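Under full-length UniProt numbering, the first residue of the sequence shown is numbered 1, with each subsequent residue one higher.
Here a beta-carbon is modelled for each residue, glycine too, at the ideal position from N, C-alpha and C.
This one's a predicted model, so the numbers in the text were calculated from it and none came from an experiment.
In what follows, a structure is listed as structure tokens, so that the remarks can point back to it.
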Amino acid sequence: MSVFDKNDLTNQFKQAVKSLQSELNTLQEWLYQQIPAIALLDVQLEQADLQAVRLRANFTKNRNHHNTMFGGSIALIATACGWISAFVQSNYNVHIVIKKSEIDYILPVTSDLVALCQPVSVEEIKKCQKMLQRFGKGVLNIECLLLSNNQLSAHWRGEFVIYSEKD
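The structure is reproduced here in structure tokens:
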């Protein structure tokens, strides 16, 4: 006789998935409130955790007269992905502003765009936390890969200032 009830484990798994999806939906609505243009560009938050942040942008809503995606849309989507990544990695209880960014456009975007931010290093998180404790603000450097048709279309880098509100 098994210690684990298969039906109970299946129900627990379903509840966990439902909870994660609910959190993702809440975070996406919050993103739309913070950066309203993201909603207008039909950008969907697909993943937001310590492993990665992934956004997907609808090509049709961002297409220009050359039948490629607007460069400005690509840059905004990358910035939003980096901003959410900074938010998730800094434990949600901070304010975040972008200080600077740069983007290299590699290939034209001709389909839905996937923006993907991997986590920054543990060392960089620790450095940011020390700066935050000592000076009230820290810095996170985040990179975003932008993919179209499973090919790297752009590479974005941004520097975010993380600060907590003074009591």
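Residue of the options minimising C-alpha distance to residue i
| i | options | result |
| --- | --- | --- |
| Asp49 | Phe87, Glu159, Asn58, Ala154 | Phe87 |
| Ile35 | Leu76, His95, Tyr163 | Leu76 |
| Val122 | Ile142, Arg54, Tyr105 | Ile142 |
| Lys126 | Ile162, Thr79, Asn58 | Ile162 |
| Arg134 | Ser164, Thr110, Ser148, Ala154 | Ser164 |
| Gly72 | Asn93, Ser101, Val94 | Ser101 |
Buried or exposed (CB count within 10 angstroms, at least 16 for buried), residue i
| i | result |
| --- | --- |
| Asn64 | exposed |
| Ser90 | buried |
| Leu41 | buried |
| Thr79 | buried |
| Val120 | buried |
| Gly138 | buried |
| Gln151 | exposed |
| Val97 | exposed |
Residue j beta carbon less than 8 Å from that of residue i
| i | j | result |
| --- | --- | --- |
| Gln118 | Ala52 | yes |
| Cys81 | Cys128 | no |
| Lys99 | Glu29 | no |
| Asp112 | Phe70 | no |
| Ile74 | Ala154 | yes |
| Leu146 | Arg54 | no |
C-alpha distance - residue i paired with residue j, whole-angstrom precision
| i | j | result |
| --- | --- | --- |
| residue 194 | Arg56 | No answer is possible for residue 194: it lies beyond the span of the chain, which begins at 1 and ends at 167. |
| Pro108 | Lys61 | 16 Å |
| Ile103 | Trp156 | 4 Å |
| Thr68 | Ile106 | 13 Å |
| Ser148 | Gln44 | 15 Å |
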